[in-house]
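Everything below concerns the one structure shown next.
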Amino acid sequence: MSALIRKMEAGRNLGHLFMIAFFSSSIVVLLVSSSLQLTAYFRSEKRVLYNNQQVIAEGASSAVVGFIQEKCQELATAAWLTDPETTSREEWLLVLQSLLGLQPSFRRLAVRDERFQIVAAASRYAPPGLGHPEDLQEAARFSKPHDAVSCPEISDVYMDPVTSEPLVSIRVPVVNALREFKNTLTAELNLKFMWDLVDQLKVGKTGYAYVVNHQGQVIAFGDTARVLKGENVAHLPPVREFLQDPNAQRSQRAQLYRGIAGGLVVGTYVPLRTPNWAIVTELPWMEAFREVIEATGISLAIIVLMAFLAALLGLGISRRLTVPLVTLKETAMRIAGGERELQIEVDGPEELAQLAAAFNSMSSQLQRSLKELEGQFEEIKSARVHSERARNDCAWPRRGAATPFGTGTCWNKRPISAPHGTRCSVTNRTRFLTKPGFR
Amino acid sequence: MTFTRGSRVTVGKRLSFIVLLGLVAWSVGGCRDARGPRRILVLGSTAAFEPIFHGLKAQLEVLGYREGVHVIYDLKYLEKCPSDPPVSEGGWFSARDGELIFALATEASMAAKKAAEGTSVPVVFAYAGIEGSNLVNSVREPGGNITGVRFPGPEQIGKRMELLHRIAPHIRRVWIGYQKGYPNTEPALAILRPLSKSLNIQLIEVPLGNLKDLEVDLSERDQLADCGMEAMLLMPDSTIHSPEGWRLIGGFADRHKLVVAGSFLSNVREGAVFGNANDLFKVGKMAAPLVAKIFEGIPAGTIPVVTPEQDIYINVKRARELGLTVPEGLLRQATVIIR
Numbered sequence: 004m005s006a007l008i009r010k011m012e013a014g015r016n017l018g019h020l021f022m023i024a025f026f027s028s029s030i031v032v033l034l035v036s037s038s039l040q041l042t043a044y045f046r047s048e049k050r051v052l053y054n055n056q057q058v059i060a061e062g063a064s065s066a067v068v069g070f071i072q073e074k075c076q077e078l079a080t081a082a083w084l085t086d087p088e089t090t091s092r093e094e095w096l097l098v099l100q101s102l103l104g105l106q107p108s109f110r111r112l113a114v115r116d117e118r119f120q121i122v123a124a125a126s127r128y129a130p131p132g133l134g135h136p137e138d139l140q141e142a143a144r145f146s147k148p149h150d151a152v153s154c155p156e157i158s159d160v161y162m163d164p165v166t167s168e169p170l171v172s173i174r175v176p177v178v179n180a181l182r183e184f185k186n187t188l189t190a191e192l193n194l195k196f197m198w199d200l201v202d203q204l205k206v207g208k209t210g211y212a213y214v215v216n217h218q219g220q221v222i223a224f225g226d227t228a229r230v231l232k233g234e235n236v237a238h239l240p241p242v243r244e245f246l247q248d249p250n251a252q253r254s255q256r257a258q259l260y261r262g263i264a265g266g267l268v269v270g271t272y273v274p275l276r277t278p279n280w281a282i283v284t285e286l287p288w289m290e291a292f293r294e295v296i297e298a299t300g301i302s303l304a305i306i307v308l309m310a311f312l313a314a315l316l317g318l319g320i321s322r323r324l325t326v327p328l329v330t331l332k333e334t335a336m337r338i339a340g341g342e343r344e345l346q347i348e349v350d351g352p353e354e355l356a357q358l359a360a361a362f363n364s365m366s367s368q369l370q371r372s373l374k375e376l377e378g379q380f381e382e383i384k385s386a387r388v389h390s391e392r393a394r395n396d397c398a399w400p401r402r403g404a405a406t407p408f409g410t411g412t413c414w415n416k417r418p419i420s421a422p423h424g425t426r427c428s429v430t431n432r433t434r435f436l437t438k439p440g441f442r
Numbered sequence: 003m004t005f006t007r008g009s010r011v012t013v014g015k016r017l018s019f020i021v022l023l024g025l026v027a028w029s030v031g032g033c034r035d036a037r038g039p040r041r042i043l044v045l046g047s048t049a050a051f052e053p054i055f056h057g058l059k060a061q062l063e064v065l066g067y068r069e070g071v072h073v074i075y076d077l078k079y080l081e082k083c084p085s086d087p088p089v090s091e092g093g094w095f096s097a098r099d100g101e102l103i104f105a106l107a108t109e110a111s112m113a114a115k116k117a118a119e120g121t122s123v124p125v126v127f128a129y130a131g132i133e134g135s136n137l138v139n140s141v142r143e144p145g146g147n148i149t150g151v152r153f154p155g156p157e158q159i160g161k162r163m164e165l166l167h168r169i170a171p172h173i174r175r176v177w178i179g180y181q182k183g184y185p186n187t188e189p190a191l192a193i194l195r196p197l198s199k200s201l202n203i204q205l206i207e208v209p210l211g212n213l214k215d216l217e218v219d220l221s222e223r224d225q226l227a228d229c230g231m232e233a234m235l236l237m238p239d240s241t242i243h244s245p246e247g248w249r250l251i252g253g254f255a256d257r258h259k260l261v262v263a264g265s266f267l268s269n270v271r272e273g274a275v276f277g278n279a280n281d282l283f284k285v286g287k288m289a290a291p292l293v294a295k296i297f298e299g300i301p302a303g304t305i306p307v308v309t310p311e312q313d314i315y316i317n318v319k320r321a322r323e324l325g326l327t328v329p330e331g332l333l334r335q336a337t338v339i340i341r
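Chains A and B, in that order, give the protein sequences.
Those letters in the first sequence? Residues 4 to 442, per my numbering, in order.
Those letters in the second sequence? Residues 3 to 341, per my numbering, in order.
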């Protein structure tokens, strides 16, 4: 284990280089490919989102239009079932009071004759006899003249001066059996009854809807305080788009902006046409792009995982390359330090294995040569000792001293051809000259 | 192994950072928890308006404010507290920071507004008359630190007279006893006086200081051969609408076979021919979003005042006992019919 660690430490620089290279290249490749993929996905998802938003907004608009149409229908039915030629004031009053009982959202009702005179009136609050100042303004709220009403007509939104609640007036014609115009039946509708409806509209999980009139004023929203304040939201992109072209079939795109609640939202609108309002739906961007965000998260996780794997792979490959090299280097250094018998384990890629084998071969040859040299050196050393001894032996008789071998020993061992006094050394020298590498 | 040791240090640092982050988050959360539930001081004038409180609690629960967890209610009654001064500096009631005063009906709302003056305590009133009481600057922009649900008194009192006239068109003398100086009284009289004149009805106005005055007036009329009226119309004040006040009026009307134009369903069940008022439970529910908005940090004075819808209750049984015929049109408008 410690050997492995040592090898790793030794091979760290090259290993790191490989790992970083693999990691960086894989990150770059993955990022580029993922970005391209995500961009394409985002575009397609935005389109899907826009379509979903439109479907939601259209559903919401149907609910709001249904709310208004239901009231128009009730008034039209009441007008249709009543013969203006024969109905007395009391009978009209009963009809109006029945309508008040039927629809809590009706605040006041009135029937007017051809001369715009009140035939009968009923009110949920102030007695009609007191004369409400707004009665005088009824004619001004509608775009058509009193006697030109042929179908239910809806006035502009106006605010109740006492309660600040938004109101509209709906007017339907009352005709006789010959379809001749005789009276008008007008109802004042309190739009606060639409607030609950709008508040309960489901726009995703956290989205919401609100209704604006043709001036950009909020007339229905979950936050009723803003409606009561008469807040104008014409600056919001979908509302601005609606105000610029109220007759547009639908919004051209889902837009990302700061919504009515202050958060970043994706919103769109659908015009209601009758009345001339629009319903705006807003979905917080986190929910709107949830799938894209999830896909991005998954992509990033994959990128990180792949990069990690690439780094591991790089580390493995670099180890496979560098460890034999490092081993080679270390072995060479140890041989240089004196451990001549060392051999490298032949492992790794083919080229490195061949290099290691060559190194081992070189090391073996070198070792053999050295051994031979050492052998020769020992021989020389031994010969020199013998030579010295022989010289000494020759020197003693000349000095008249006894040798350890007795008198005249040197002569007994003298080669026949050698001159006197130099025989031993000459003989020895002759023998040395036969050895290779000596002169 | 240098490499391995290095990565351990990095992981260790990261772990320390995460633990530190967790500690910070825990401490922040702990601080928030330490703040505890919000306290709502509910101030009422009589127990008759308690359904408003129940409506508030029910709707706040729906909005995610659980009693005991997120909000704590403390109900107090003006009538059970020292009255001189009922609400002021250092008295039995004082507003504290972080609280919210929820006031039931006009009298308590005015007391609450006075108590909260000069503090940061917001006031939400429910069923308080804003005409003549100077509670708010306007419906759209109440101003100060107050908002709430309006009592639609002037509209309702006019409607009450109209309904009385429709049910009993023969009636020419209508008794109206009212509490002197009560904020809702003057706006109601301002509607009733011209209306009764237009309907050819004589208003028998009896200003009252307290319940004793009411008792004296009715006792004196009891002694007379002609009590001086054919009908009694309930005015929107706390004397008339107190349990004792209603007991006196109901008993007198019963003895003299008078038509009582009432207000709440309870009056109608106990002998009034009809009544027009608001569902107090619904009024409380309407106030809940206003309270929630204030808890979210929106200044109370910027939240518009809301108005409840009116209900009509008709006691056909009582009308028949008195020989009256309730018009079909009125029956069709009625929310509750007692047969």
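Where is the CB? At the ideal position from N, CA and C, for every residue including glycine.
Remember, it's a predicted structure, so these values are computed and weren't measured experimentally.
With DSSP run on the structure shown, which of helix, strand or coil describes residue i?
i               : result
V171 of chain A : strand
L333 of chain B : helix
I347 of chain A : coil
K185 of chain A : strand
M237 of chain B : coil
T284 of chain A : strand
H19 of chain A  : helix
I157 of chain A : strand
R40 of chain B  : strand
K214 of chain B : helix
R341 of chain B : coil
F266 of chain B : coil
Could you pull out every residue in the same chain whose Cβ sits closer than 7 Å to the Cβ of residue i, ignoring the five residues on either side in sequence?
i               : result
Q56 of chain A  : A257, V269, T271, T284, L286
I347 of chain B : Here chain B covers residues 3 to 341 and nothing more, so residue 347 of chain B does not appear.
E109 of chain B : S47, L80, S240
G219 of chain A : N235, V236, A237, V242, L246
Give me the residue from the options with the minimum Cα distance to residue i.
i               : options                        : result
R229 of chain A : A:R243, A:W198, A:N250, A:N395 : A:W198
T309 of chain B : B:P154, B:I132, B:Q204         : B:P154
E133 of chain B : B:P171, B:E119, B:M112, B:A263 : B:M112
I178 of chain B : B:L267, B:T241, B:E101, B:K78  : B:T241
I173 of chain B : B:A110, B:S198, B:G57          : B:S198
V44 of chain B  : B:I305, B:V73, B:G38, B:L201   : B:V73
G38 of chain B  : B:V261, B:G299, B:E101, B:V176 : B:E101
L201 of chain B : B:Y67, B:I340, B:D281, B:P171  : B:P171
A125 of chain A : A:L105, A:D116, A:L99          : A:L99
N317 of chain B : B:I42, B:I169, B:F254          : B:I169
P145 of chain A : A:S167, A:E168, A:E191         : Looking at the sequence itself, residue 145 of chain A is Phe, so the reference to Pro does not match. It is A:E191.
Q335 of chain B : B:G277, B:V138, B:A302, B:P291 : B:G277
V64 of chain B  : B:D256, B:V293, B:P301, B:I300 : B:V293
R41 of chain B  : B:R322, B:V123, B:N212, B:G150 : B:V123
E354 of chain A : A:S47, A:T325, A:D86           : A:T325
L275 of chain A : A:A66, A:R261, A:F25           : A:A66
E68 of chain A  : A:I222, A:L84, A:T277, A:G265  : The question names Glu, but residue 68 of chain A is Val in the sequence shown. The option with the nearest alpha carbon to V68 of chain A is A:T277.
S172 of chain A : A:S27, A:S108, A:Y44, A:L259   : A:S108
V262 of chain B : B:R175, B:P306, B:K214         : B:R175
Is the shortest distance between the beta-carbon of residue i and the beta-carbons of chain C less than 8 Å?
i               : result
T271 of chain A : Looking for chain C here will not work: the only protein chains present are A and B.
Going along the chain, which residues of its own chain have a beta-carbon closer than 6 Å to the beta-carbon of residue i, five neighbours each way excluded?
i               : result
E137 of chain A : Low confidence applies to E137 of chain A: its pLDDT is 48, below 50, so where it sits in the model is not reliable, and the reading given next is rough at best. Contacts found: none.
K287 of chain B : G57, Q61
L231 of chain A : S167
P185 of chain B : T108, G131, G134, S135
A386 of chain A : none
Given the structure, does residue i come close to the ligand MN, in the sense that its CB is under 7 Å from one of the ligand's heavy atoms?
i               : result
K195 of chain A : As for the ligand MN, it is missing from this structure, which has no ligand bound.
Could you pull out every residue in the same chain whose Cβ sits closer than 8 Å to the Cβ of residue i, ignoring the five residues on either side in sequence?
i               : result
P329 of chain B : R168, I169
R343 of chain A : S366, L369, Q370, L373
inquiry  = Closer than 9 Å between beta carbons: that is the criterion. Which residues of the stretch 294-319 of chain B meet it against chain A?
reply    = Of all residues in the stretch 294-319 of chain B, only K295, I300, T304, I305, P306, V307, V308, T309, E311, Q312, I314 place a beta-carbon less than 9 Å from a beta-carbon of chain A.
message = Would you call the stretch 249-265 of chain B in contact with the stretch 213-220 of chain B, where contact means no fewer than 3 C-beta pairs closer than 8 Å?
response = In short, these stretches touch, since the Cβ pair count reaches three.
task = Using a Cβ-Cβ cut-off of less than 8 Å, give me the residues of the stretch 76-110 of chain A that come near chain B, in sequence order.
result = Flagged, chain order: L96, L97, L99, Q100, S101, L103, G104, L105, P107.
request  = Compile a chain-ordered list of the residues in the stretch 307-340 of chain A whose CB is closer than 9 Å to at least one CB of chain B.
outcome  = Residues of the stretch 307-340 of chain A with a C-beta less than 9 Å from any C-beta of chain B: none at all.
key: Residues, ordered as in the chain, of the stretch 149-177 of chain A that lie near chain B by beta-carbon distance below 8 Å   = Of all residues in the stretch 149-177 of chain A, only V165, T166, S167, E168 come within less than 8 Å of chain B when Cβ atoms are compared, listed by chain position.
ask   = Listed from N- to C-terminal order along the chain, which residues in the stretch 250-272 of chain B have their beta-carbon within a distance smaller than 9 Å of any beta-carbon of chain A?
value = For the stretch 250-272 of chain B, the set of residues with a beta-carbon nearer than 9 Å to any beta-carbon of chain A is empty.
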